Amino acid sequence: MSISILFEAEYKGERYAGFEKPEAGEPLTLYPVADGQLQAEFIAASSPEAVIASVTGEGGQITVAADDPGLRFLPPLLPGSGNALLSGFMRTHKSKYEDEPTDETEFVAPNWFFKGFGSWIRMPGEALVVPEKAVALIEEPEVALVYVNDDNGDPHYVGYTFGNDLCDIGLHRLNPGWNPYCKLSDTSLSPFVFLGTPPTTVTGRVTIERDGVSAWEGSFDCGESALYFKVADMMDNLFTYPAIRRPGMVNYVLLGADEASFHDGFRIADGDRVVIDVKSHGVGFANTIQFGRDADRTAGAAGAAA
């Protein structure tokens, strides 16, 4: 059974939603939406199908080419107010434990980290800026769950997308207490949200390009079957905290990554391009890594201009 997909985009100064993956050379049908409309739809609706029917039934749709230069994809469900939080879990994969979990294994919550606010999310093609003196970076392909909180702070699950939780693992290894610093590097998300339950199987491949050629490649698995913890247990525990349940907030929650290029002895350098191909779901995204404050200023200026 196919899973519906949602994305948001800006075209000629207006906000739109779409429900199909762009295909090369094929047109996209876009439906006008107001800022915050999709959040309200998912809070009120009984199913993703009801949301799609409501949005597509309002009329006014337009058709544009997927590669139209005026089309700009937006972080999914991100409100104009910026009332959103990006966070995630650490050390969640079975590959990082000596034993296998069982139904009788007592749940002990994995470490959680703050990654940034919604406005910190980067889209495919945008630069990921890291500190000038980053020790050793690691790309981390992960599942990102998307939730919207209602006016009472109760979370409503929307679906899942994929991200690159870029961080400075070298700094973390120097001192685990510095982990909050190591996470303060940009994160990219795919704009396409799959409107289904968290995925059991997610497989793909990472390619890190340097000077236009492949410098490192490796596979990854970040579906729930690869995790030591049940997703429901992690999320139920996270939403016991009032700070995560702010009314109207959108939450993007990264579920954790498998081992990656760092564990293979590779070191990401300034200017490298990280390409993540989520083969199991037919989506991919790429971002160039930029070190230092000059890169930070350039990215800030680009964001202000947009």
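Residues in the sequence shown are numbered consecutively from 1, following UniProt numbering.
In this text, a Cβ means the ideal position worked out from N, Cα and C, and glycines have one as well.
All values reported here derive from a predicted model rather than from experimental measurement.
Ranked by Cα distance from residue 13, the first of 245, 69 and 266 is 69. Residue pairing of residue 290 in beta bridges, as defined by DSSP: 129. In its chain, beyond the 5 residues on either side, 167, 168, 169, 171 and 172 have a beta carbon closer than 7 Å to the beta carbon of residue 182.
The Cβ-Cβ distance between residue 199 and residue 160 falls below 8 Å. Residue pairing from DSSP places residue 62 in a beta bridge opposite 30. The stretch 138–145 makes contact with the stretch 251–266, as at least three CB pairs between them are under 8 Å.
Residue 15 and residue 65 have their C-alpha atoms some 16 Å from each other.
Of all alpha-carbon atoms in 73, 127 and 262, the one lying nearest the alpha-carbon of residue 136 is that of 262.
Per the C-alpha coordinates, the member of 93, 85, 22 and 94 positioned closest to residue 116 is 85. In the displayed model, residue 135 falls within coil according to three-state DSSP, outside both helix and strand. Each of 244, 259 and 231 was checked against the Cα of residue 109, and the nearest Cα belongs to 231. In this chain, the alpha helix (DSSP H) harbouring residue 173 covers 169–174. For residue 242, there is no enclosing alpha helix (DSSP H), as DSSP gives it neither H nor E. Each of 72, 208 and 158 was checked against the Cα of residue 272, and the nearest Cα belongs to 208. Taking the C-beta atoms as reference points, residue 214 is found no nearer than 8 Å to residue 283.
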